[in-house]
Amino acid sequence: MKTKPATVSCPVCGKPVTWTAASTWRPFCSERCRLIDLGEWLNEERRIPGEEVPDTGIDAAGDY
């Protein structure tokens, strides 16, 4: 007996997306929605909640 594939809502537009290998952009409905979401993350419009990290004045390379 086969089970029906799960359906999720696109995080950007809310359109239903069937969770299968044929759904290339899952969990997004399209490449457009995927790129919109990526742009929001890069612009820091979407964040994972957490504590603010204090600025130590040292960059990633260890330089001041």
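Whatever position you read off the sequence shown (first residue = 1), add 1 for this note's numbering. Each residue gets a CB set at the ideal place from its N, CA and C atoms; glycine is no exception. Values in this document were obtained by computation on a predicted structure and should not be read as measured data.
Legend entry - Inter-residue spacing [alpha-carbon to alpha-carbon] between residue 25 and residue 50: Here the question's residue 25 lines up with position 24 in the sequence shown. Here the question's residue 50 lines up with position 49 in the sequence shown. Looking at the two C-alpha atoms, the distance is approximately 29 Å.
Inset, instruction - Compare the Cα-Cα distances from residue 22 to each of 7, 48, 54 and report the closest residue. - result: As a working note, residue 22 is residue 21 in the sequence shown. The shortest C-alpha separation from residue 22 is found at 7.
Inset, instruction - Could you tell me the distance, in whole angstroms, from the CA atom of residue 5 to the CA atom of residue 20? - result: Counting from 1 along the sequence shown, the entry for residue 5 is found at position 4. Counting from 1 along the sequence shown, the entry for residue 20 is found at position 19. Rounded to whole angstroms, residue 5 to residue 20 spans 10 Å at the Cα level.
Legend entry - Inter-residue Cα distance where the pair is residue 42 and residue 48: Stepping through the sequence shown from its first residue, residue 42 is reached at position 41. Stepping through the sequence shown from its first residue, residue 48 is reached at position 47. The straight-line gap from Cα to Cα measures roughly 7 Å.
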